[in-house]
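Colleague: Numbering (our numbering), first residue to last: 31 to 209.
Yeah, the Cβ is synthetic: ideal placement off N, Cα and C, and Gly gets one too.
There's a structure below that I have some questions on.
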């Protein structure tokens, strides 16, 4: 219950934009490498393989690092949860730039999301698997929180999924003009 309350408080407090005083320069390659280190042991334990594709040069971003880490943890946790070894065992974390944007992708080879559910996955309390309950699953807030974190950083998120092949979440942020 405390997790649910914490998630609801986060959603209520962070509507809109972040205060510029809360923003700092984040070196994304380092941040993502720390997440790779953190999740690699869990991946091995679960029979998964975490593959990272990160640039060798630093990529800087103006943001709130704890919020960005929370968004990435939510996506990685989902990727681990829904990647079943029968359909594949890879989870991918990628960072690159494209057309003046920073792109961060979390992809899996899991069960995928049905096409009819895809437009709703960022809604609060929405669960693709209706059989999951508070006792057996989460509250349906994780992706809503991810979307809000991305949006308060001036970005956007989208998902592409094919059932029985996997899902890719792509976060896109404006590339800072200078650092």
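I'd like the span of the alpha helix (DSSP H) that includes residue 66, first residue to last.
Modeller: Translated into positions along the chain shown, residue 66 becomes position 36. Taken as a continuous stretch (DSSP letters only), the alpha helix (DSSP H) holding residue 66 covers 58-75.
Colleague: Quick one: what does DSSP say residue 136 is sitting in, helix, strand or coil?
Modeller: Residue mapping note: residue 136 aligns to position 106 of the chain shown, counting from 1. Residue 136: strand per DSSP, three-state reduction.
Colleague: Residue 178: buried (16+ other C-beta within 10 angstroms of its C-beta) or exposed?
Modeller: As a first step, residue 178 must be located in the chain shown, where it is residue number 148. Buried, because 16 or more other Cβ atoms sit within 10 Å of the Cβ of residue 178.
Colleague: Nearest to residue 188 by CA position, among 176, 130 and 68, is which residue?
Modeller: Against the chain shown, residue 188 aligns to sequence position 158. Residue 188 has its Cα closest to that of 176, out of 176, 130 and 68.
Colleague: Of all the options 76, 63, 181 and 197, which has the alpha carbon lying nearest to the alpha carbon of residue 147?
Modeller: In the chain shown, residue 147 corresponds to position 117, counting from 1. For the residues 76, 63, 181 and 197, the minimum Cα distance to residue 147 belongs to 197.
Colleague: Please confirm whether residue 121 and residue 138 have their CB atoms less than 7 Å apart.
Modeller: Counting from 1 along the chain shown, the entry for residue 121 is found at position 91. Counting from 1 along the chain shown, the entry for residue 138 is found at position 108. Taking 7 Å as the Cβ cut-off, residue 121 and residue 138 qualify as a contacting pair.
Colleague: For residue 73, does the count of other Cβ atoms within 10 angstroms reach 16, so buried, or fall short, so exposed?
Modeller: For this step, residue 73 is matched to residue 43 along the chain shown. Classification of residue 73: buried, given that the 10 Å Cβ count is 16 or more.
Colleague: Can you grab the Cα-Cα spacing for the pair residue 56 / residue 103, in whole Å?
Modeller: Looking up residue 56 in the chain shown gives position 26. Looking up residue 103 in the chain shown gives position 73. Between residue 56 and residue 103, the C-alpha separation is close to 16 Å.
Colleague: Distance, Cα to Cα, residue 88 vs residue 60?
Modeller: Sequence index remark: in the chain shown, residue 88 carries index 58 (1-based). Sequence index remark: in the chain shown, residue 60 carries index 30 (1-based). Rounded to the nearest angstrom, the two C-alpha atoms are 8 Å apart.
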